[in-house]
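Below: one structure, written as structure tokens.
Numbering (our numbering), first residue to last: 842 to 1138.
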């Protein structure tokens, strides 16, 4: 590789690779289009690799260009994280940990462990963002978060997974529903009710596990609504649009207008798992993983 190749050239390449349009990329980079074209041409000559096929006004990545885009996107992101970490060290901080989570993790795991951990380690900055399961996997693969909390049975090979909570399920009923703890015997008592469930896009494996509960009870549910938010489920149940099944951890915040019945006699459970990218080089990640390794089984 030529010694003249600089990080800015790599950023120029990524801008064109993302937009597949020199003018748009040049505008985004605040440089002239001819100047950008020269920089990319020079980069190709320095590398001895053709990165783009140019057909009239159409720009297409070559196989080499596609590979380089994938690798540079990940490695430049890591480089930026390293620089940001160095800046935090200069400011007297140990660094930053970015995490994603599904809503149920905020009810128990995060408050009890991570926030307490932060109190004991005030020089670590936590950045928290609620997102669905698949989005967390995407963000982990792209190194945009350091770890996450998901309800997934399977994850990509480059992602590690550790179960941190095995949850039972709960029925969610309107507060004034005729069925209560005293007269509840089986979920089959609700076979004529409409059910409000988490959308399969939230987690296909989770959704299938909930369907298994119905199948073992001998009926197929009437599904009236699908959502990805527990708050939407509670509001719909409260207003008598149906009933629901959720992980027990989502019952801990005691929402108004609904009541819960734990399904502790069924075999199905739903695992909340800690996930992280095997290739993540954030030096603070090991400390968090050690914290969860110390959890009792």
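From the three backbone atoms N, C-alpha and C, an ideal C-beta is built for every residue, glycine too.
Backbone secondary structure at residue i - three-state DSSP
i: residue 994; result: coil
i: residue 898; result: coil
i: residue 1107; result: coil
i: residue 965; result: strand
i: residue 1077; result: helix
i: residue 971; result: strand
i: residue 876; result: helix
i: residue 937; result: strand
i: residue 958; result: helix
i: residue 986; result: coil
i: residue 1097; result: coil
i: residue 1082; result: coil
i: residue 942; result: strand
i: residue 1129; result: helix
i: residue 1116; result: strand
Contact check, residue i vs residue j, beta carbons under 8 Å
i: residue 943; j: residue 962; result: no
i: residue 993; j: residue 945; result: no
i: residue 1026; j: residue 1060; result: no
i: residue 905; j: residue 891; result: yes
i: residue 1054; j: residue 1086; result: yes
i: residue 987; j: residue 940; result: yes
i: residue 1096; j: residue 936; result: no
i: residue 893; j: residue 907; result: no
i: residue 1005; j: residue 951; result: no
i: residue 915; j: residue 984; result: yes
i: residue 1013; j: residue 1084; result: yes
Chain-order list of residues whose beta-carbon lies under 7 Å from that of residue i (same chain, five-residue window excluded)
i: residue 1009; result: 1089, 1103, 1104, 1105, 1110
i: residue 1051; result: 1038, 1086
i: residue 858; result: 902, 906, 910
Cβ-based neighbour list, residue i, same chain, cut-off 6 Å, excluding 5 preceding and 5 following
i: residue 1081; result: 1015
i: residue 900; result: 861, 893
Cβ shell of residue i (< 8 Å), same chain only, five flanking positions each side left out
i: residue 1058; result: 1027, 1028, 1029, 1032
### Task
Can you check the segment 1002-1080 for any alpha helix (DSSP H) of at least 4 residues that lies completely inside it and give the ranges in chain order?
1045-1057, 1071-1079
### Message
Check whether the segment 1109-1125 and the segment 1061-1080 touch, using three or more Cβ-Cβ pairs below 8 Å as the test.
### Response
no
### Query
Are there three or more Cβ pairs, one per stretch, closer than 8 Å when the segment 1112-1130 is compared with the segment 1010-1024?
no
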